[in-house]
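One structure is given below, encoded as structure tokens.
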Amino acid sequence: MDTMKNLLVILITAILTNNFILNKFLGICPFLGVSKKLDSSVGMSVAVIFVMLMSTAVTWPIQIYLLDPYNLGYLQTVIFILIIAALVQLIETILKKFIPSLHQALGVYLPLITTNCAVLGVTILNITEKYSFGEAMVNSLGAGLGFMLAMVLFSGVRSRAESESIPACFKGMPITLVAASIVAVAFMGFSGVVDGLFK
Amino acid sequence: MKLVKEFLIPVAVLTVICLVVSAALAFTYQATAPIIEEAKNAKANEARAVVLEGAAGFEKMNVAMTDGGVDCYRETAGAGYVITVTTSGYGGAFNMMVGIKADGTISGIQMMDHSETPGFGAKLAEESYAATYKGKSSADFSDVAGVAGATITSGAYKKGLGTAFEIHGSASGNAVEVPASGSMTLEDAQAQLFPDVAEFTETALDDDITVYQAGDQGYVAVRKAVGYHEEEPMLLAVGLDNSGKILAVIMLENHETQGLGTQVADAAYLDQYIGKDSTDGVTAVAGATVSSDGVKSAVKKILEQFPNFPGQGAKMDETVLAAILPGAAGFEEPAAAYEGADQVLFSTVRSGMAVSAADGEVKLAVGFNGNGVITGVSLLAYPEADEAALAAAQEYAAQFVGQASADAVGASDISYADSIKNAVGLACTVFEAAKGELG
Amino acid sequence: MKQSNWKVLLNGIIKENPVLVLVLGTCPTLALTSLAVNAVGMGVAATAVLLCSNIAISLLKNIIPDKVRIPCYIVLIAGFVTIVGFVVQAYAPSIYDALGLYLPLIVVNCIILGRAEMFANKNSVLASACDAIGMGIGFTLTLLVMGSIREILGAGTWFGWQVIPDAVTPMSIMTQPPGGFFIFGVLIAVVNVILAKKGKKRKVSGCGACPSAEHCAKASEGGC
Numbered sequence: 014m015d016t017m018k019n020l021l022v023i024l025i026t027a028i029l030t031n032n033f034i035l036n037k038f039l040g041i042c043p044f045l046g047v048s049k050k051l052d053s054s055v056g057m058s059v060a061v062i063f064v065m066l067m068s069t070a071v072t073w074p075i076q077i078y079l080l081d082p083y084n085l086g087y088l089q090t091v092i093f094i095l096i097i098a099a100l101v102q103l104i105e106t107i108l109k110k111f112i113p114s115l116h117q118a119l120g121v122y123l124p125l126i127t128t129n130c131a132v133l134g135v136t137i138l139n140i141t142e143k144y145s146f147g148e149a150m151v152n153s154l155g156a157g158l159g160f161m162l163a164m165v166l167f168s169g170v171r172s173r174a175e176s177e178s179i180p181a182c183f184k185g186m187p188i189t190l191v192a193a194s195i196v197a198v199a200f201m202g203f204s205g206v207v208d209g210l211f212k
Numbered sequence: 065m066k067l068v069k070e071f072l073i074p075v076a077v078l079t080v081i082c083l084v085v086s087a088a089l090a091f092t093y094q095a096t097a098p099i100i101e102e103a104k105n106a107k108a109n110e111a112r113a114v115v116l117e118g119a120a121g122f123e124k125m126n127v128a129m130t131d132g133g134v135d136c137y138r139e140t141a142g143a144g145y146v147i148t149v150t151t152s153g154y155g156g157a158f159n160m161m162v163g164i165k166a167d168g169t170i171s172g173i174q175m176m177d178h179s180e181t182p183g184f185g186a187k188l189a190e191e192s193y194a195a196t197y198k199g200k201s202s203a204d205f206s207d208v209a210g211v212a213g214a215t216i217t218s219g220a221y222k223k224g225l226g227t228a229f230e231i232h233g234s235a236s237g238n239a240v241e242v243p244a245s246g247s248m249t250l251e252d253a254q255a256q257l258f259p260d261v262a263e264f265t266e267t268a269l270d271d272d273i274t275v276y277q278a279g280d281q282g283y284v285a286v287r288k289a290v291g292y293h294e295e296e297p298m299l300l301a302v303g304l305d306n307s308g309k310i311l312a313v314i315m316l317e318n319h320e321t322q323g324l325g326t327q328v329a330d331a332a333y334l335d336q337y338i339g340k341d342s343t344d345g346v347t348a349v350a351g352a353t354v355s356s357d358g359v360k361s362a363v364k365k366i367l368e369q370f371p372n373f374p375g376q377g378a379k380m381d382e383t384v385l386a387a388i389l390p391g392a393a394g395f396e397e398p399a400a401a402y403e404g405a406d407q408v409l410f411s412t413v414r415s416g417m418a419v420s421a422a423d424g425e426v427k428l429a430v431g432f433n434g435n436g437v438i439t440g441v442s443l444l445a446y447p448e449a450d451e452a453a454l455a456a457a458q459e460y461a462a463q464f465v466g467q468a469s470a471d472a473v474g475a476s477d478i479s480y481a482d483s484i485k486n487a488v489g490l491a492c493t494v495f496e497a498a499k500g501e502l503g
Numbered sequence: 231m232k233q234s235n236w237k238v239l240l241n242g243i244i245k246e247n248p249v250l251v252l253v254l255g256t257c258p259t260l261a262l263t264s265l266a267v268n269a270v271g272m273g274v275a276a277t278a279v280l281l282c283s284n285i286a287i288s289l290l291k292n293i294i295p296d297k298v299r300i301p302c303y304i305v306l307i308a309g310f311v312t313i314v315g316f317v318v319q320a321y322a323p324s325i326y327d328a329l330g331l332y333l334p335l336i337v338v339n340c341i342i343l344g345r346a347e348m349f350a351n352k353n354s355v356l357a358s359a360c361d362a363i364g365m366g367i368g369f370t371l372t373l374l375v376m377g378s379i380r381e382i383l384g385a386g387t388w389f390g391w392q393v394i395p396d397a398v399t400p401m402s403i404m405t406q407p408p409g410g411f412f413i414f415g416v417l418i419a420v421v422n423v424i425l426a427k428k429g430k431k432r433k434v435s436g437c438g439a440c441p442s443a444e445h446c447a448k449a450s451e452g453g454c
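Chains as they are written, first to last, in this note's numbering: chain H, 14 to 212; chain S, 65 to 503; chain A, 231 to 454.
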């Protein structure tokens, strides 16, 4: 029961309290770039969740069973990013060959994910927070879900903002960022949630 | 040729670059690692000196770290301790270095590696805030005010201090080296419990309990107790008298956490069990719950198995009582103890007495009415399992019903007839002794 | 037509400011600007990596086959990031602590990969170096400006010195995520105004300058 509780706490923290986009500032580029439309937001988010989970599944064991025991910790950055890049390439190829429909929907976003801070960020965070494998997977899932939550919420905000009249200098990026700041304030309200959840 | 150009060369180039980069990294790592290590240590010791005034040098202590503890250093001149703890704040986990003087009060606090909000949570890292805790001991530090608008950080700060005091408690209390295992040997424990008994008869019971019977004085029951370190359980010796009351609990082996779990081996905790025949009301040692529960659970299991101890036998239960004293109810134990009887019960409704007595391996429950006439005899323990033999024995025992003395019944040629007769006789003697109280 | 190296350098500071004009490297911009000193630390670290990687990639541009160029760049950049990380950890540990997670994340900073792709693999070593320095200065300056605004408004200090009297309660939200987004947005708006006044059109923004842009063809309709 305690492990369940622990995992739930990690999950909810990653989605709400420490939302990767609105709190940790990871994954901003796609956030600002791809969140204009709802379907592209969802598509990107699903791809991100997928890559996050797979990356964690590969990078965590490599760190624990290869890098740490042989004192190769300094190779972490190089190896992790290579794994992520390779994974993305692999996933794209596999999707293209075996599930072309999925590739049609998600494929375009995959190359962008390699340079997505959120993916590399979550794999490194799993190590610094000293999570077990299960905790790491849950954290990555939470991170991805939080990413999706922020993206989807935001696409709504942006599509609304489109139809309003905005001063010329704020059009585009600036108004997006200001809107993001307001959404971020809303998410700040979640900071007490986790503590009180399991009282 | 195309294959080489299109495939092998790119892969080769990539591989070479990877190797070169790895080599460069390894080189830089080797070069900078000692510098980094030194910088870390110097920074740490500097921080420790700030936190504990008048410190000369520090040495690391090997003390058990409770949840959240990082390390504990003792000041070489005895000025106190510097304990590093980690706690979870608003922006993530941060470390605190707490200097506790020899008198148990806070000398200084340093908040490190924190990502708290500048202007709010970060305010707790300032010298001025740490100063508000100066001189506080483990009793009153929680009264100090937090910082307005930084509730979560303040709470985490206090929690860190609590952890530091916990570790301090075990660190300072362990100035003397206590051997981690082997508090006492079994022989010594037996000698301590039953000094007059030379020989102990060993019997193995269920539930991993070994019972050493101390003649007719009592028992020493040995069982392991699983505490905090599951792979190295404790070993307990529980001394019991014939009625199931605990004489003493002795720790034979203890591999629990030094300073914390090892406290369950102390008299302060184990004395609680003396005189009890159940584990109700035994309180755990603060901070050593798992170890305490391990001991309690083991003692409880021993007590549960007590009826199966050699020489203990069935007790008179309701069925038996109904058989030997029909119509009687409201059984109470007498105020005095009566020698020779295993168990004596008075019936408050319809004046009567139930006595269980044993002769050798035969144990009987005999019911008497207020005049001393036997109203029923029941076999509680009989050394034969054969149905026919049991029936014969019961038939013989039934001959005593309606008599007022065992001599009224003749002998029999069934195996344990003598024991049965003697047991009845014993019960009658007890009745004579106890009838005064029956009133 | 080759620009003079000096122009290349200046380019990165204003005209093609990586953060405010190209809108690259937004993650560290938002994350590390709650304190001015952290902002400068990040800027300098990223500039160091950018300089090394631009030089290395420009040197190797004829050796690295096109097919594997992205992975090669990544390995090189990751290597430099790790080395810079060690150096910072050894000689400026407090900055290292402040940078935390974002130091290794410099690897995926679009600025670095972007400049490698767009400039270093097409130009001479010296030009690449100047480009790196220019971009780096532009990055650092922007971060410094943002960091200063956020620190002054949000904590009342600048580089740790009390600037606004204690009696005035600072707008702490400025040092927190929402403040980051907000100030960033305002700054870009300001830059837009300046550009508009100068009559210049906004250059390619956002993911357009990202090396993955070529894969992005379809996504560009989605607003990349």
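All C-beta atoms, glycine included, are put in the ideal place defined by N, C-alpha and C.
#1: Report yes or no: do the segment 430-439 of chain S and the segment 459-467 of chain S share at least 3 C-beta pairs separated by less than 8 Å?
#2: Under the rule that 16 or more other beta-carbon atoms within 10 Å means buried, what is tyrosine 78(H), buried or exposed?
#3: Using only CA atoms, which one of Thr263(A), Gly330(A) and Leu343(A) lies nearest to isoleucine 282(A)?
#4: Within the segment 283-347 of chain S, note down every full alpha helix (DSSP H) run reaching 4 residues or more, in order along the chain.
#5: Find the nearest neighbour of tyrosine 154(S) within the set Lys309(S), Ala497(S), Tyr221(S) and Asn318(S), judged by alpha-carbon distance.
#6: Please name the residue, chosen from Met417(S), Ala405(S) and Gly132(S), that lies closest to phenylalanine 395(S) on a Cα-to-Cα basis.
#7: With H, G and I counted as helix, E and B as strand and the rest as coil, what does DSSP make of serine 435(A)?
#8: Using a Cβ cut-off of 8 Å, pull out every chain S residue sitting near glutamine 406(A), in sequence order please.
#9: How is the alpha helix (DSSP H) around lysine 427(S) delimited, first residue to last?
#10: Would the beta-carbon of glycine 364(A) fall within 8 Å of that of isoleucine 243(A)?
#11: Just the C-alpha distance for serine 153(H) and phenylalanine 200(H), rounded to the nearest angstrom, thanks.
#12: Cβ atoms of alanine 120(S) and glutamate 102(S): under 8 Å apart, would you say?
#13: Taking C-beta pairs closer than 7 Å, name the residues in chain A that alanine 193(H) reaches, listed in chain order.
#14: Within 10 angstroms of its Cβ, does methionine 380(S) collect 16 or more other Cβ (buried), or is it exposed?
#15: Which chain H residues are close to threonine 372(A), counting only those with a beta carbon under 8 Å from its beta carbon?
#16: Would you say glycine 309(A) reaches chain S, if we count a Cβ-Cβ gap shorter than 8 Å as a contact?
#17: Just reading off the beta strand (DSSP E) that threonine 267(S) is part of, what are its end residues?
#18: Does any residue of chain H have a CB that is nearer than 8 Å to the CB of isoleucine 216(S)?
#19: Measure from the alpha carbon of glycine 175(A) to the alpha carbon of each residue in Ser234(A), Asp327(A), Pro248(A) and Val251(A), then state which is nearest.
#20: With a Cβ-Cβ cutoff of 8 Å, do leucine 190(H) and isoleucine 418(A) count as a contact?
#21: Return the Cβ separation of isoleucine 478(S) and alanine 456(S) in integer angstroms, given the expectation that the two are a contact with Cβ distance under 8 Å.
#22: Starting from valine 253(A), follow the alpha helix (DSSP H) in both directions and report where the run begins and ends.
#23: Pull up the distance between the alpha-carbon of aspartate 271(S) and that of lysine 365(S), whole angstroms please.
#24: Does DSSP classify methionine 160(S) as helix, strand or coil?
#25: I'd like to know whether the C-beta atoms of glutamine 281(S) and valine 261(S) end up nearer to each other than 8 Å.
#26: In this structure, does DSSP put methionine 125(S) in helix, strand or coil?
#27: Which one or two residues does DSSP pair with valine 146(S) in a beta bridge?
#28: For leucine 89(S), return the contacting residues in chain H, with the cut-off set at a CB-CB distance below 8 Å.
#29: Given this structure, state the Cα-to-Cα distance separating leucine 260(A) from threonine 217(S), to the nearest angstrom.
#30: Compare the C-beta of cysteine 484(A) against all C-beta atoms of chain H and say whether one is closer than 8 Å.
#31: Keeping to the same chain, check which residues put their C-beta closer than 6 Å to that of serine 355(S); ignore five residues upstream and five downstream.
#32: Going by beta carbon distance, what residues of the same chain come within less than 7 Å of phenylalanine 495(S), once the five residues before and after it are set aside?
#33: Compile a chain-ordered list of the residues in the segment 280-299 of chain S whose CB is closer than 7 Å to at least one CB of chain A.
#34: Under 8 Å: do the segment 297-315 of chain S and the segment 329-342 of chain S share three or more Cβ pairs, one atom per stretch?
#35: Please go through the segment 162-241 of chain S and give each complete alpha helix (DSSP H) segment of 4 or more residues, from N-terminal end onward.
#36: If you draw a straight line from the C-alpha of leucine 265(A) to the C-alpha of proline 407(A), how long is it?
Here's the rundown:
#1: Verdict: yes, contact present.
#2: Result: exposed.
#3: The question names isoleucine, but residue 282(A) is cysteine in the sequence shown. Proximity to cysteine 282(A) across Thr263(A), Gly330(A) and Leu343(A) peaks at Leu343(A), based on C-alpha coordinates.
#4: DSSP assignment within the segment 283-347 of chain S yields the following whole alpha helix (DSSP H) runs of 4 residues or more, N-terminal first: 331-334.
#5: Relative to tyrosine 154(S), the option among Lys309(S), Ala497(S), Tyr221(S) and Asn318(S) whose CA is nearest is Tyr221(S).
#6: Among Met417(S), Ala405(S) and Gly132(S), the Cα nearest to that of phenylalanine 395(S) is on Met417(S).
#7: For serine 435(A), the predicted model reports a pLDDT of 48, less than 50, meaning its position is unreliable; a value from the coordinates is still stated below. The answer is coil: DSSP assigns serine 435(A) none of H, G, I, E or B.
#8: Those within 8 Å of glutamine 406(A) in chain S are Thr181.
#9: Per DSSP, lysine 427(S) belongs to no alpha helix (DSSP H); it is in the beta strand (DSSP E), 426-433.
#10: The beta carbons of glycine 364(A) and isoleucine 243(A) sit closer together than 8 Å.
#11: Computed Cα separation, rounded: 19 Å.
#12: Contact flag unset, no.
#13: Result: Phe411.
#14: Buried, because 16 or more other Cβ atoms sit within 10 Å of the Cβ of methionine 380(S).
#15: Within chain H, no residue comes near threonine 372(A); the closest Cβ sits about 14 Å away, beyond 8 Å.
#16: Taking Cβ atoms only, chain S reaches closer than 8 Å to glycine 309(A), which makes this a yes.
#17: Counting along the chain, the unbroken beta strand (DSSP E) around threonine 267(S) starts and ends at 265-269.
#18: At least one chain H Cβ lies under 8 Å of isoleucine 216(S).
#19: In the structure as shown, chain A begins at 231 and stops at 454. Residue 175(A) is therefore absent and cannot be evaluated.
#20: Cβ distance < 8 Å, so leucine 190(H) and isoleucine 418(A) count as in contact.
#21: Isoleucine 478(S) to alanine 456(S), Cβ: 5 Å. Contact.
#22: Looking at the DSSP string, valine 253(A) is not in any alpha helix (DSSP H), and its letter there is neither H nor E.
#23: The straight-line gap from Cα to Cα measures roughly 8 Å.
#24: Strand.
#25: Going by beta carbons, glutamine 281(S) and valine 261(S) fall inside the 8 Å limit.
#26: Secondary structure of methionine 125(S) (DSSP, three-state): coil.
#27: Paired residues: Tyr137(S) and Gly163(S).
#28: Contact of leucine 89(S) with chain H by beta-carbon distance below 8 Å involves Tyr87, Leu88 and Val91.
#29: Each residue's alpha carbon lies about 22 Å from the other.
#30: Here chain A has residues from 231 to 454 only, and residue 484(A) is not among them.
#31: Excluding residues up to 5 positions away in sequence, Gly291, Tyr292, Glu320, Gly325 and Val328 lie with their Cβ nearer than 6 Å to the Cβ of serine 355(S) in the same chain.
#32: Scanning its chain for C-beta atoms nearer than 7 Å, with the 5 sequence neighbours on each side dropped, one finds around phenylalanine 495(S) the residues Met417, Val419, Phe432 and Gly436, in chain order.
#33: So the list is empty, because no residue satisfies the distance condition.
#34: With contact defined as three or more Cβ pairs closer than 8 Å, the segment 297-315 of chain S and the segment 329-342 of chain S are in contact.
#35: As far as the segment 162-241 of chain S is concerned, its whole alpha helix (DSSP H) runs of at least 4 residues are 191-195 and 215-237.
#36: Just so you know, the alpha carbons of leucine 265(A) and proline 407(A) end up roughly 13 Å apart.
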